[in-house]
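Asker: One structure coming up, written as structure tokens, with questions to follow.
Protein chains: 2
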Amino acid sequence: MFVKIKLAMKNLISNIKIAVNDKLYVKDPETSDLGKKIIQNSILLIDEIGFELFTFKKLGDRIQSNESSIYRYFENKHKLLLYLSSWYWTWIDYNLVFSITNINNPVEKLEKAILIVTQNITDDLDTPHINEEILNRIIISEFTKTFLTKEVDEENKEGFFIVYKRVVNRLIDIIKEVNPNYKYAKSLASSVVEGALHQQYIKKHFKTITNFNENDDVTQFYIELVKKTLS
Amino acid sequence: MFVKIKLAMKNLISNIKIAVNDKLYVKDPETSDLGKKIIQNSILLIDEIGFELFTFKKLGDRIQSNESSIYRYFENKHKLLLYLSSWYWTWIDYNLVFSITNINNPVEKLEKAILIVTQNITDDLDTPHINEEILNRIIISEFTKTFLTKEVDEENKEGFFIVYKRVVNRLIDIIKEVNPNYKYAKSLASSVVEGALHQQYIKKHFKTITNFNENDDVTQFYIELVKKTLS
DNA sequence: CTGAATTGATAGTAATACTATTAATATTGT
DNA sequence: ACAATATTAATAGTATTACTATCAATTCAG
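Protein chains in written order, with my numbering: chain A, 1 to 231; chain B, 1001 to 1231.
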């Protein structure tokens, strides 16, 4: 029965187009083949060579298209990364909402929510042109850079980070449900979401300062940490 | 008596040159006036315009020196940022070690250590050409970028991040002293050090997902979190 | 006070991050 | 089926960046 409901939800999600803030693109990449190719291959190329070395020229070469055509979809690579990030957090948000629907026990809800934001991601086959596992790797190594810029405040006002903050706010609400008297619900929630990305990064690159191996989930660490902090 | 010892230590620190991994520079900037000017003004300029827009040309203009002269000290701006970061973490490490010397109670040690890595920094007058308050702002907004690159693993092997990891390791040791049975000492310590930077950033830029105002210390949040987690 | 080291000035290169223009191709509406 | 329109491709061009190389000027040290 539970499985059936989950499948029904999954079907639902596969028909919902993930809507991204329209200030992030010049032309919506979801509306054309070239657009989808840009999204799909930018994810692969950024994963391969990193965001710093990624250019629209290289992407054009890879998809046998022209640099200038890519500029018709995105103003610059920073906006493209913001687009990919918004897409990712929207997808996480859907998963979060679905995973806690119909669950009434706050602690159970908390555990499910933490799982969603901390677990290792595998590809979601409902989105053929986007590989979530690879997108997750990009988020782990590149997302932080989207807001560590001189333009944060303007871009924040334009709503480029709302989806990310929405995910954090869902966690905040659940934390408050579990313990309405806890003083630092906001900081705890934002710590978990950002911290999970950092732990996933260092388990690959700074192995001496983490207790996890590359394939481990960091989930248990965060569930224990949050539950103890709220007790 | 305690104050006297602290002052004696402070005098000690003022005579100890903060040594930075010599692979990070071409010529040691501490050995010349121009070198010190480069350090001093790179901190100010990066703080003003951000690391992305910072160039050696602009720095040269500012210190009435030449771009090519700056290249005689640092290979590129990335190495310069790594230098500043190493300097910062070495300075934090000194402060950490001094603040816990002669303290035997592990919990007290823990609280002092967390204070050092989470508190708002003010200028240390023992280092005339380096303004720690501003350097701290740079670390908050730029340090994470030093390791979120495709070259992390090589640079990590070259030891560019040892001082940072040394600070984390000091915390790990103290955490283990407080609770030798806790399974995630490493991840907890690295979470606190990186998390504190993130909380300090968002209290300025993403105010809705933190419980702190710009001038608040995030220390209390972390002390409570760690103590509860270890209990 | 002379030779070595340091710094400054200038020039040059390849790559990046675009903009502009025009041509080629595909799509659509009637 | 065909003209109008939209989309994409190709090419060229610009300012800036991130350097390297060379040589002249200055400083410093024995």
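All C-beta atoms, glycine included, are put in the ideal place defined by N, C-alpha and C.
#1: How would you label threonine 1118(B), buried or exposed, when you count the other beta carbons within 10 angstroms and need 16 or more for buried?
#2: Should leucine 1125(B) go down as buried or exposed, given a rule of 16 or more other Cβ atoms within 10 Å for buried?
#3: Can at least three beta-carbon pairs, one atom from the segment 193-202 of chain A and one from the segment 210-226 of chain A, be found at a separation below 8 Å?
#4: Output the residue ranges of the alpha helix (DSSP H) runs that lie fully inside the segment 1143-1220 of chain B and measure 4 residues or longer, sorted by chain position.
#5: Taking 8 Å as the cut-off, decide whether the C-beta atoms of valine 1167(B) and tryptophan 1089(B) are in contact.
#6: Taking 7 Å as the limit between beta carbons, can you name the residues of its chain near isoleucine 1103(B), skipping five residues before and five after?
#7: Between isoleucine 1043(B) and isoleucine 1162(B), which are expected to be in contact by the criterion C-beta below 8 Å, what is the C-beta distance as a whole number of angstroms?
#8: Mind listing which residues of the segment 196-219 of chain A have their C-beta closer than 8 Å to chain B's C-betas, in chain order?
#9: Distance cutoff 8 Å, beta carbons only. Does threonine 144(A) sit that close to anything in chain B?
#10: Thinking C-alpha only, which one of Asp1093(B), Val1097(B), Glu1194(B) and Leu1059(B) is nearest leucine 1080(B)?
#11: Considering only residues of the segment 1038-1085 of chain B, which uninterrupted alpha helix (DSSP H) runs meet the minimum length of 4 residues and lie entirely inside it, listed in chain order?
#12: Measuring CA to CA, which of Ile1018(B), Leu1053(B), Thr1219(B) and Gly1035(B) is closest to leucine 148(A)?
#13: Could you check which residue in Leu82(A), Phe56(A) and Gln64(A) has the C-alpha nearest to that of arginine 72(A)?
#14: Thinking C-alpha only, which one of Ile18(A), Tyr25(A) and Ile130(A) is nearest asparagine 76(A)?
#15: Helix, strand or coil for tyrosine 94(A), going by three-state DSSP, please let me know.
#16: Does the Cβ of glutamate 1194(B) have 16 or more other Cβ atoms within 10 Å, making it buried, or fewer, making it exposed?
#17: Can you name the start and end residues of the alpha helix (DSSP H) that glutamate 1132(B) belongs to?
#18: When you compare the CB positions of valine 152(A) and leucine 230(A), do they come within less than 8 Å of one another, or not?
#19: Going along chain B in order, which residues have a C-beta closer than 8 Å to the C-beta of asparagine 136(A)?
#20: Among His129(A), Arg137(A) and Thr127(A), whose alpha-carbon lies nearest the alpha-carbon of methionine 120(A)?
#21: In the segment 161-192 of chain A, which residues sit with their C-beta less than 9 Å from some C-beta in chain B, listed in chain order?
#22: How long is the line joining the alpha carbons of aspartate 1028(B) and glutamate 1067(B), rounded to whole angstroms?
#23: Output, in chain order, the set of chain B residues within a Cβ distance shorter than 9 Å of leucine 53(A).
#24: Please list, in chain order, the chain A residues whose beta carbon lies closer than 8 Å to that of asparagine 1131(B).
#25: With a threshold of 8 Å between beta carbons, is glutamate 1194(B) in contact with chain A?
#26: From this set, Ala189(A), Asp123(A) and Asp33(A), which residue's C-alpha is nearest tryptophan 91(A)'s C-alpha?
#27: Counting only the same chain and skipping the five closest in sequence on each side, list residues whose C-beta sits under 6 Å from that of tyrosine 182(A).
#28: In three-state DSSP terms, what is isoleucine 1100(B)?
#29: Taking the CB atoms as reference points, tell me whether phenylalanine 1051(B) and glutamate 1132(B) lie closer together than 8 Å.
#30: Under 8 Å between beta-carbons, which chain B residues line up against lysine 228(A)? List them in chain order, please.
#31: Could you confirm whether any beta carbon from chain A is found closer than 8 Å to the beta carbon of methionine 1001(B)?
#32: What is the DSSP secondary structure of valine 1117(B), reduced to helix, strand or coil?
#33: Does glycine 60(A) get closer than 8 Å to chain B when you measure Cβ to Cβ?
#34: Could you say which of Lys1023(B), Ser1069(B) and Asn1021(B) lies nearest to serine 1032(B) if we only look at CA atoms?
#35: Nearest CA to the CA of threonine 1208(B): which residue from Lys186(A), Lys207(A) and Lys227(A)?
#36: Taking 8 Å as the cut-off, decide whether the C-beta atoms of glycine 1159(B) and asparagine 1041(B) are in contact.
Answerer: Put simply:
#1: That one is buried.
#2: A residue is called buried when at least 16 other Cβ atoms come within 10 angstroms of its Cβ; leucine 1125(B) does not meet this threshold and is exposed.
#3: With the cut-off at 8 Å, the segment 193-202 of chain A and the segment 210-226 of chain A touch.
#4: You should have 1144-1147, 1152-1157, 1162-1178 and 1185-1205.
#5: Against a cut-off of 8 Å, the Cβ pair of tryptophan 1089(B) and valine 1167(B) comes out as a contact.
#6: Closer than 7 Å at the Cβ level, and outside the excluded window around isoleucine 1103(B), lie Lys1109 and Lys1112.
#7: Taking a contact as a CB-CB distance under 8 Å, the pair isoleucine 1043(B) and isoleucine 1162(B) does not count as one, their CB atoms being some 22 Å apart.
#8: Against chain B - using a Cβ distance shorter than 8 Å - the residues of the segment 196-219 of chain A are His198, Gln199, Tyr201, Ile202, His205, Phe206, Thr208, Ile209, Thr210, Asn211, Phe212 and Val218.
#9: Yes, because at least one Cβ of chain B sits closer than 8 Å to the Cβ of threonine 144(A).
#10: Closest by alpha carbon: Leu1059(B).
#11: For the segment 1038-1085 of chain B, whole alpha helix (DSSP H) runs of length 4 or above, ordered along the chain, are 1056-1062 and 1067-1071.
#12: Comparing Cα-Cα distances from leucine 148(A) to each of Ile1018(B), Leu1053(B), Thr1219(B) and Gly1035(B), the minimum goes to Leu1053(B).
#13: Shortest Cα-Cα distance from arginine 72(A) to any of Leu82(A), Phe56(A) and Gln64(A) involves Phe56(A).
#14: Taking only the C-alpha atoms, the option nearest asparagine 76(A) is Tyr25(A).
#15: If DSSP states are grouped into helix, strand and coil, tyrosine 94(A) belongs with the helices.
#16: Result: buried.
#17: That run of the alpha helix (DSSP H) goes 1132-1138.
#18: Result no, Cβ atoms of valine 152(A) and leucine 230(A) do not sit closer than 8 Å.
#19: Within chain B, no residue comes near asparagine 136(A); the closest Cβ sits about 15 Å away, beyond 8 Å.
#20: It should be noted that the sequence gives asparagine, not methionine, for residue 120(A). Of His129(A), Arg137(A) and Thr127(A), the residue nearest in Cα terms is Arg137(A).
#21: Among the residues of the segment 161-192 of chain A, those with a Cβ less than 9 Å away from any Cβ of chain B are Phe161, Tyr164, Lys165, Val168, Asn169, Ile172, Lys183, Tyr184, Ala185, Lys186, Ser187, Leu188, Ala189, Ser190 and Ser191, in the order of the chain.
#22: C-alpha separation (whole angstroms): 17 Å.
#23: In chain order: Lys1150.
#24: Per Cβ cutoff of 8 Å: no residues; asparagine 1131(B) is ~19 Å from chain A at best.
#25: So, interface residue.
#26: Measuring from the Cα of tryptophan 91(A), the nearest candidate turns out to be Asp123(A).
#27: Once the five neighbours on either side are set aside, the close Cβ partners of tyrosine 182(A) are Leu230.
#28: DSSP, read as helix, strand or coil, puts isoleucine 1100(B) in helix.
#29: Not a contact, by the Cβ cut-off of 8 Å.
#30: Going along chain B in sequence order, the residues near lysine 228(A) (Cβ under 8 Å) are Lys1228, Thr1229 and Ser1231.
#31: At methionine 1001(B), the pLDDT of 46 sits below 50, so the modelled position is not reliable and the matter cannot be decided from this model.
#32: Helix, per DSSP.
#33: Answer no: the Cβ-Cβ gap between glycine 60(A) and chain B never drops below 8 Å.
#34: Shortest Cα-Cα distance from serine 1032(B) to any of Lys1023(B), Ser1069(B) and Asn1021(B) involves Ser1069(B).
#35: Comparing Cα-Cα distances from threonine 1208(B) to each of Lys186(A), Lys207(A) and Lys227(A), the minimum goes to Lys186(A).
#36: Not closer than 8 Å, so no.
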